[in-house]
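Enquirer:
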Amino acid sequence: GAGVSQSPSNKVTEKGKDVELRCDPISGHTALYWYRQSLGQGLEFLIYFQGNSAPDKSGLPSDRFSAERTGGSVSTLTIQRTQQEDSAVYLCASSLREGEQFFGPGTRLTVL
Amino acid sequence: GQSLEQPSEVTAVEGAIVQINCTYQTSGFYGLSWYQQHDGGAPTFLSYNALDGLEETGRFSSFLSRSDSYGYLLLQELQMKDSASYFCAVATGRRALTFGSGTRLQVQP
């Protein structure tokens, strides 16, 4: 596709349930990032994939969060046993050049 | 670690010029990026400065001084559609950007 796509666009779940968020990066982009953004706040780094290298997971807030990137393309962010504080917009970005990232439209997650 | 400071809000009128400053503290600095985000939208890339000096792209310009750990985004001929949040972000090598908390720009008629 022409840009980064994410699904679902909105997800409402109950506390304690697991959720999976999907990201399709721009074709050919070797770097893929996950961020989250709470209302009116900046972007919080979660995880970074670069080619076939081991991912940088230093931003994951707890072991309930995990992500994988299959075939160097599509990525899935999984949140297990969701908590209300996990409610946020989860943004995926891909990149080919330093400093220039292309963001998807995000997934708005609401944990009731 | 990294930290960035930028003003939380700026207000200006249509047709005016506005400057949004960003100061940063980081280890392993590679460059400074700027992103625009409209309410409910995703951030969009505006500019990236790896070297000192001014980069101009249409109505928007971005400046970097590595020695002062300082940069700014300059918006000229402001339009109502420029009302948005603007984030500076530091690049520290081939990894994710660290974003500032954002500056909300309100353009008034």
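Residue numbers (our numbering), protein chains in the order written: chain A, 382 to 493; chain B, 4 to 112.
Note that beta-carbon positions come from the ideal geometry of N, C-alpha and C, so glycine has one too.
(1) Does any residue of chain B bring its CB to less than 8 Å from the CB of residue 409 of chain A?
(2) Could you list which residues in chain B have their beta carbon closer than 7 Å to that of residue 464 of chain A, in chain order?
(3) Relative to the C-alpha of residue 66 of chain B, which candidate in B:84, B:88, B:26 and B:43 has its C-alpha closest?
(4) Taking a cut of 7 Å between CB atoms, which residues from the region 401-429 of chain A lie near chain B?
(5) Taking one C-beta from the region 392-408 of chain A and one from the region 455-473 of chain A each time, how about it: are there three or more such pairs within less than 8 Å?
(6) Give the DSSP bridge partners of residue 27 of chain B, in chain order.
(7) Three or more C-beta pairs under 8 Å: does that hold for the region 41-49 of chain B against the region 470-487 of chain A?
(8) Which residues in chain B have a C-beta closer than 9 Å to the C-beta of residue 486 of chain A? List them in chain order.
(9) Assign residue 60 of chain B to one of two classes, buried (16 or more other C-beta atoms within 10 Å of its C-beta) or exposed (fewer than that).
Expert: Checking against the coordinates, here is how it stands:
(1) Position 28 of the first sequence, counting from 1, holds the residue named residue 409 of chain A. Not an interface residue.
(2) Taking the first sequence and counting its residues from 1, one reaches residue 464 of chain A at position 83. Those do not exist, as residue 464 of chain A stays about 23 Å from chain B at its closest Cβ, beyond 7 Å.
(3) The count along the second sequence starts at 1 and reaches residue 66 of chain B at position 63. Among B:84, B:88, B:26 and B:43, the Cα nearest to that of residue 66 of chain B is on B:26.
(4) 414, 422, 423, 424, 426 and 429
(5) yes
(6) Locating residue 27 of chain B in the second sequence gives position 24, where the first residue counts as 1. The partner list for residue 27 of chain B (beta bridge, DSSP) reads B:7.
(7) yes
(8) Here the question's residue 486 of chain A lines up with position 105 in the first sequence. Residues of chain B passing the Cβ test: 44 and 45.
(9) In the second sequence, residue 60 of chain B corresponds to position 57, counting from 1. It is exposed - the Cβ of residue 60 of chain B has fewer than 16 other Cβ atoms within 10 Å.
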